[in-house]
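Colleague: Okay, here's the structure, questions in a sec.
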Amino acid sequence: MRLLADFSTIGMTVAFSIFIGLGFGYYLDHKVFGGRTTPVFTMVFLGFGIFAGFLNLYRLAIRKDL
Amino acid sequence: MEHPILFISIILEALGLPVPHGLVGDSVLAKLVSPHMTYTWLVMAFLIIVPKLTLGKMEMVPGKGQNFWEAVIGGLEGFMGDNMGKEGARMMFPMLATFALYILVANMIGLIPGFMSPTSNLNITLAMTLIVFVTTHILGIKFHGVGYIKHFLGPIPALIPLMLPIELISHFARILSLSIRLFGNIMAKETLLGILFLLAGAYFAPLPILCLGVLVSIVQALVFLLLSILYFSAAMEHAH
């Protein structure tokens with residue numbers, strides 16, 4: 325049961341992390357700074373999002389109790 | 002798509018209330034009588050009235066009704082105790098047991114023709130998920146005080162500017178994945194049942210999906226409960 329919960333979460337976590345990062349970066353670029361910094365923040369936060377997704381995947385992969 | 006027949010909406014419409022034909026209405030009254038709200042109230046009434054009727058008066062030697070409810074509540078408490086320890090289970094039991102029973106009944110009610118699952122609306126699942134999310138951080142602050150921020154900073158001080166946004170992003174991804182999983186599963190079940198009833202309802206085409214729907218309802222209620230338990234216990238334990 326616990327494994328079902330973990331493994332059904334991890335795929336969505338990777339996808340949502342990337343899109344949250346991308347969306348926040350896009351918001352910073354276009355709404356806060358008015359498009360002057362495009363595409364710096366979008367790319368930086370896209371990187372953060374990808375890293376967050378794969379960090380969660382890595383944490384699941386190195387768990388000892390599986 | 003064909004508009005489903007929801008008997009509470011029909012009764013309310015006959016009473017002259019502005020029941021919306023989409024998911025959410027325009028005015029406040031139309032929002033209050035939209036289908037997912039009325040069926041939420043139905044589930045709440047079910048959960049309040051049915052235990053009252055079946056429980057009878059509490060006795061030392063339990064009768065049939067009391068035995069059943071003791072098994073349900075005892076099973077839930079044992080399940081929570083296994084996953085987050087006795088102390089945490091006793092503290093968080095009222096909230097999490099409410100969620101589990103509500104989601105279970107709300108998922109199951111959509112299998113009956115003329116009813117719909119309130120959980121097939123994203124607003125309901127998102128509301129529950131936000132409650133879980135806020136409670137997680139309140140618990141973290143209650144158990145660790147200001148030191149709770151160490152959960153977000155990672156092990157190495159030099160990497161803090163990198164780790165802080167990453168941890169925040171993964172906490173927000175939890176909200177999305179918890180709410181959209183429940184919503185997506187139940188919505189898929191409802192839509193599939195509706196289409197199959199429309200196409201070949203007379204030849205029992207929805208029957209296998211109804212059987213799967215029972216399984217999906219139980220599994221999704223348990224998964225929501227279990228993930229909330231895991232988030233709570235992660236907020237209560239020490240930073241890694």
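Protein chains in written order, with our numbering: chain A, 325 to 390; chain B, 2 to 241.
We put the CB at the ideal spot given by N, CA and C, even for glycine.
Note that the structure is a prediction, hence the values are computed from the model and not measured.
Less than 7 Å between CB atoms is the rule here; does PHE331 of chain A satisfy it with respect to chain B?
Modeller: No, no contact with chain B.
Colleague: Looking only at its own chain, which residues have a Cβ that is under 7 Å from the Cβ of ALA329 of chain A, when we skip the five neighbours before and after it?
Modeller: So no residue of the chain qualifies.
Colleague: Can you tell me which of B:ALA236, B:HIS239, B:SER229 and B:SER234 puts its alpha carbon nearest to the alpha carbon of LEU97 of chain B?
Modeller: If we check each option's Cα against that of LEU97 of chain B, B:SER229 comes out closest.
Colleague: Does the beta carbon of THR361 of chain A sit closer than 7 Å to a beta carbon anywhere in chain C?
Modeller: Judged by its chain identifiers, the structure shown contains no chain C, and its protein chains are A and B.
Colleague: Could you give the residue range of the alpha helix (DSSP H) that holds THR39 of chain B?
Modeller: Run containing THR39 of chain B: 36-56, per the alpha helix (DSSP H) assignment.
Colleague: Any C-beta of chain A within less than 8 Å: which residues of the stretch 5-24 of chain B qualify?
Modeller: So the list is empty, because no residue satisfies the distance condition.
Colleague: Along chain B, in chain order, which residues have C-beta atoms closer than 8 Å to that of ILE386 of chain A?
Modeller: Those within 8 Å of ILE386 of chain A in chain B number zero; the least Cβ separation is about 12 Å.
Colleague: Quick one: Cα of LYS1 of chain B to Cα of ASN380 of chain A, how far?
Modeller: This structure cannot speak to residue 1 of chain B, because chain B is shown only from 2 to 241.
Colleague: Would you call the stretch 101-116 of chain B in contact with the stretch 184-191 of chain B, where contact means no fewer than 3 C-beta pairs closer than 8 Å?
Modeller: Touching, yes, given that three or more Cβ pairs across the two stretches are closer than 8 Å.
Colleague: GLY345 of chain A CB to nearest chain B CB: under 7 Å?
Modeller: So yes, GLY345 of chain A belongs to the interface.
Colleague: Under a CB-based cut-off of 7 Å, is PHE375 of chain A close to chain B?
Modeller: Output row for PHE375 of chain A: interface = yes.
Colleague: Buried or exposed, going by whether 16 or more other CB atoms sit within 10 Å of the CB of TYR232 of chain B?
Modeller: Burial call: buried.
Colleague: Could you please give the first and the last residue of the uninterrupted alpha helix (DSSP H) stretch that includes PRO95 of chain B?
Modeller: Here the alpha helix (DSSP H) through PRO95 of chain B covers 65-110.
Colleague: Name the two residues that bound the continuous alpha helix (DSSP H) containing GLY195 of chain B.
Modeller: 161-201 is the span of the alpha helix (DSSP H), which, as asked, contains GLY195 of chain B.
Colleague: Compare the Cα-Cα distances from ASN68 of chain B to each of B:ILE139, B:ILE210 and B:THR55 and report the closest residue.
Modeller: The shortest C-alpha separation from ASN68 of chain B is found at B:THR55.
Colleague: Just to confirm the assignment, what range does the alpha helix (DSSP H) spanning GLU14 of chain B have?
Modeller: Start and end: 8-15.
Colleague: If you reduce the DSSP assignment to three classes, tell me which class VAL368 of chain A lands in.
Modeller: Here VAL368 of chain A sits in helix by DSSP.
Colleague: Confirm, please, whether the CB-CB distance from SER178 of chain B to THR366 of chain A is below 7 Å.
Modeller: Not in contact: THR366 of chain A and SER178 of chain B (Cβ atoms no closer than 7 Å).
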